[in-house]
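According to the numbering used here, the sequence shown is numbered sequentially starting from 293.
Glycine included, C-beta positions come from ideal geometry on N, C-alpha and C.
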Amino acid sequence: MKQETPCIAVCFIDPKSKLCLGCGRTLPEIARWHKMDSNERLDVMATLHQRMLDAGLQIPAPRPERQANS
């Protein structure tokens with residue numbers, strides 16, 4: 293099951309756009325993330341790539357998913 297978070301552990305807020313350079317979320321979104329339901333999280337996640345492009349921010353490479361030990 294894929295975790296419902298865009299976080300890649302690169303947490304730094306761009307002062308101009310107010311977006312996290314790692315995931316594209318705003319501070320209020322990050323603060324509320326654990327309170328959001330699955331649909332709300334997915335709705336936010338669907339906007340992140342475009343909002344970072346619109347802000348002129350570099351899109352970071354996704355964090356590799358961990359694989360279970362066999």
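- The beta carbon of Met344 lies closer than 7 angstroms to those of Leu311, Gly316, Ile351 in the same chain, with the five residues before and after it left out.
- Excluding sequence positions up to five before and after Met337, its CB lies within less than 6 angstroms of the CB of Pro298, all in the same chain and listed in chain order.
- In this structure, the CA atom of His326 is about 28 angstroms from the CA atom of Gly348.
- Per DSSP, the unbroken alpha helix (DSSP H) holding Gln342 starts and ends at 330–346.
- Boundaries of the alpha helix (DSSP H) around Pro320: 319–324.
- Cβ-Cβ distances below 8 angstroms link Ser330 to Glu296 in the same chain, with the five nearest sequence neighbours on each side left out; the list follows chain order.
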